[in-house]
Ligand SMILES: Cc1ncc(COP(=O)(O)O)c(C=O)c1O
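In the numbering used here, the protein residues as written are 2 to 484.
1) In its own chain, which residues sit with a C-beta less than 8 Å from the C-beta of residue 104, not counting the 5 before and 5 after it?
2) Rounded to the nearest angstrom, what separates residue 70 and residue 162 at their Cα positions?
3) What's the gap between the Cα of residue 452 and the Cα of residue 443?
4) Could you name the residues whose beta carbon sits closer than 5 Å to any heavy atom belonging to ligand 1, keeping them in chain order?
5) Since I believe residue 255 is in contact with residue 91 (beta carbons under 8 Å), could you give me their beta-carbon distance rounded to a whole number of angstroms?
6) Quick check: what's the CA-CA separation for residue 308 versus residue 296?
7) Alpha carbon to alpha carbon, how far is residue 336 from residue 274?
8) I'd like to check one pair, residue 210 with residue 338: are the Cβ atoms closer than 8 Å?
9) Tell me whether the segment 176-183 and the segment 199-217 touch, counting them as touching only if at least three CB pairs, one residue from each stretch, are closer than 8 Å.
10) At the level of alpha carbons, what is the spacing between residue 1 and residue 387?
11) Looking at the structure shown, is residue 33 part of a helix, part of a strand, or coil, going by DSSP?
12) Check this for me: beta carbons of residue 126 and residue 148, under 8 Å apart or not?
13) Going straight from the alpha carbon of residue 116 to that of residue 108, what length do you get?
14) Starting from residue 126, follow its DSSP beta bridges and name the residues at the other end.
15) Would you kindly work out how many angstroms separate the C-alpha atoms of residue 197 and residue 233, rounded to a whole number?
16) Considering Cα atoms alone, identify which of 98, 173, 88, 110 is closest to residue 129.
17) Alpha helix (DSSP H) containing residue 359: first to last residue?
18) Among 4, 399, 313, 351, which has the Cα closest to the Cα of residue 417?
19) Is residue 290 near residue 250, with beta carbons less than 8 Å apart?
20) Once the 5 residues before and after residue 259 are set aside, which same chain residues still bring their CB inside 6 Å of it?
21) For residue 95, which option in 124, 123, 64 has the closest C-alpha, if you only look at C-alpha atoms?
22) Using alpha carbons as the reference points, say which of 403, 375, 405 lies closest to residue 420.
23) With distances taken between CB atoms, is the gap from residue 32 to residue 382 smaller than 8 Å?
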């Protein structure tokens with residue numbers, strides 16, 4: 002087991018190690034990566050680093066101590082509130098990221114319901130099936146049942162279905178602007194009507210859209226309304242560390258007014274360490290992340306954001322058009338922002354095999370399930386690689402058409418099988434085991450070509466074996482049992 006070195010090592014050598022460790026990481030600087038990273042180039046990164054460094058050791062735990070941090074936080078929240086067309090009553094906090102900004106409103110509305118509707122013993126929230134998994138996490142963490150609303154034919158949440166799901170236990174409604182899997186904006190104005198009529202809070206998850214949709218609108222594109230202009234919207238999450246182009250570790254959660262926000266606060270008055278009050282999930286809150294978020298917004302300005310948004314939209318629209326021109330492929334729904342997904346609706350090609358071919362050509366793409374599809378989260382610099390991407394995509398489709406057996410091997414086989422296993426509990430159990438293994442004594446990385454998985458009949462095998470093969474074996478056994 003690794004121990005801290007007895008004597009500190011040479012610092013240049015350590016920095017060289019750090020550079021070396023990342024050599025097999027995604028090639029985001031060459032713009033081959035289509036998720037996780039919002040990279041604007043080295044100059045912007047250096048600027049964020051300087052801003053972060055200025056506040057590296059500071060701590061926003063107690064807002065009365067580092068007054069500079071409280072100022073930064075207040076100003077980030079005010080700039081965000083005005084961007085989202087809130088009035089001066091809108092209030093909130095900077096959080097550590099999108100997930101925290103989704104967890105917190107669930108705690109808030111649960112506690113609000115406890116205070117105002119004490120008869121609710123088993124609170125429920127209605128979320129679209131496309132809601133980010135952070136909402137499932139919130140449901141688990143805070144004991145609120147996630148009731149899933151289906152989509153309409155355009156992949157937006159089906160408002161009629163939401164209406165039917167509302168009952169006296171419903172503590173909040175959710176819509177996304179846009180949702181992550183397909184980049185589609187839910188009909189927030191229609192959800193708002195339901196929320197107002199039933200006196201239920203409505204949260205908009207704009208983690209990914211919060212700092213791009215407003216600029217798309219400012220550029221003159223038509224978008225449905227989704228922010229504080231919509232009367233039933235009571236809170237919005239928006240991530241500065243996505244299209245706000247801040248350093249990782251900063252997002253915002255805002256509420257229409259303090260009457261909602263106060264249910265987010267935590268106070269404990271009997272701790273021997275003193276009376277403790279905390280506005281968000283974290284204890285220690287990293288000042289560097291706030292400083293970088295504030296600095297990014299100041300450096301970009303409205304016009305900077307508009308310019309980057311225009312590049313992003315140009316790239317996304319060129320990609321969408323180019324993909325729809327490939328006869329075997331089709332972009333799902335009507336994505337109006339910077340994310341989208343595409344599949345092969347008539348199964349002319351196996352979409353995961355196309356994904357494998359793209360990966361062979363160096364592109365890093367996310368795979369989706371229900372329906373099976375490939376995903377792209379477009380950023381401004383991607384504009385430079387649109388033609389290369391489309392050329393490789395056309396070649397990949399052609400290659401898979403010529404070699405249909407590619408659907409049966411490699412990543413295509415594995416992703417396909419995982420998406421199609423009817424017993425989802427089995428997927429959950431095995432992923433849990435593999436994940437636990439990553440944090441266990443051997444820190445075993447998940448390698449899908451050499452993954453450990455429980456025996457299909459439930460007994461632990463303990464040995465390493467191919468995940469795809471195991472799942473295939475499970476299918477065969479199941480079929481045999483049925484015969
Ligand atoms: C709509 C939406 N909500 C929440 C999140 C979670 O954000 P984070 O990864 O910063 O926790 C994401 C991430 O992509 C998202 O797209």
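Virtual Cβ for every residue (Gly too), placed ideally from N, Cα, C.
Fair warning: this is a prediction, and the values are worked out from it, not measured in the lab.
So, from the listed chains and residues:
1) Counted from its first residue, the chain shown places residue 104 at position 103. Excluding residues within five positions, the ones whose Cβ falls inside 8 Å are 135, 138, 139, 142, 143, 282.
2) The residue you call residue 70 lines up with position 69 of the chain shown. The residue you call residue 162 lines up with position 161 of the chain shown. Pairing residue 70 with residue 162, the inter-Cα distance amounts to about 44 Å.
3) Position 451 of the chain shown, counted from the first residue, corresponds to residue 452. Position 442 of the chain shown, counted from the first residue, corresponds to residue 443. The predicted model places residue 452 with a pLDDT of 46, which falls under 50 and marks its position as unreliable, so this point remains unresolved.
4) Any heavy atom of ligand 1 within less than 5 Å of a residue's beta carbon puts that residue on the list, which reads 98, 99, 100, 133, 135, 181, 206, 208, 209.
5) On the chain shown, residue 91 is found 90 positions in, with the first residue counted as 1. On the chain shown, residue 255 is found 254 positions in, with the first residue counted as 1. At roughly 5 Å, the Cβ-Cβ gap stays under 8 Å, so residue 91 and residue 255 are in contact.
6) As a position in the chain shown, residue 308 is number 307, starting the count at 1. As a position in the chain shown, residue 296 is number 295, starting the count at 1. Near 18 Å, if we compare the C-alpha coordinates of residue 296 and residue 308.
7) Locating residue 336 in the chain shown gives position 335, where the first residue counts as 1. Locating residue 274 in the chain shown gives position 273, where the first residue counts as 1. Spanning the two alpha carbons is a distance of roughly 51 Å.
8) On the chain shown, residue 338 is found 337 positions in, with the first residue counted as 1. On the chain shown, residue 210 is found 209 positions in, with the first residue counted as 1. Taking the C-beta atoms as reference points, residue 210 is found nearer than 8 Å to residue 338.
9) These segments touch.
10) Summary: the structure shown does not reach residue 1, with the chain confined to residues 2 through 484, and so no result is reported for it.
11) For the purposes of this step, residue 33 is taken as residue 32 along the chain shown, with counting starting at 1. Reduced to three states, the DSSP call for residue 33 is coil.
12) Position 125 of the chain shown, counting from 1, holds the residue named residue 126. Position 147 of the chain shown, counting from 1, holds the residue named residue 148. Yes; because the gap between Cβ atoms is below 8 Å, this pair is in contact.
13) Taking the first residue of the chain shown as 1, we reach residue 116 at position 115. Taking the first residue of the chain shown as 1, we reach residue 108 at position 107. Looking at the two C-alpha atoms, the distance is approximately 12 Å.
14) By one-based count along the chain shown, residue 126 stands at place 125. 147, 173.
15) Taking the chain shown and counting its residues from 1, one reaches residue 197 at position 196. Taking the chain shown and counting its residues from 1, one reaches residue 233 at position 232. Those two C-alpha atoms are separated by around 5 Å.
16) To locate residue 129, count along the chain shown from 1; it is residue 128. The option with the nearest alpha carbon to residue 129 is 173.
17) Taking the chain shown and counting its residues from 1, one reaches residue 359 at position 358. Element bounds for residue 359: 352-361.
18) Reading the chain shown from its first residue, position 416 is the one you call residue 417. Closest option to residue 417, Cα to Cα, is 351.
19) Taking the first residue of the chain shown as position 1, residue 290 is located at position 289. Taking the first residue of the chain shown as position 1, residue 250 is located at position 249. The Cβ atoms of residue 290 and residue 250 lie closer than 8 Å to each other.
20) Translated into the one-based positions of the chain shown, residue 259 becomes position 258. Hits under 6 Å: 92.
21) Position 94 of the chain shown, counting from 1, holds the residue named residue 95. Closest option to residue 95, Cα to Cα, is 64.
22) Counting from 1 along the chain shown, the entry for residue 420 is found at position 419. For residue 420, the nearest C-alpha among the options comes from 375.
23) Translated into positions along the chain shown, residue 32 becomes position 31. Translated into positions along the chain shown, residue 382 becomes position 381. The beta carbons of residue 32 and residue 382 sit closer together than 8 Å.
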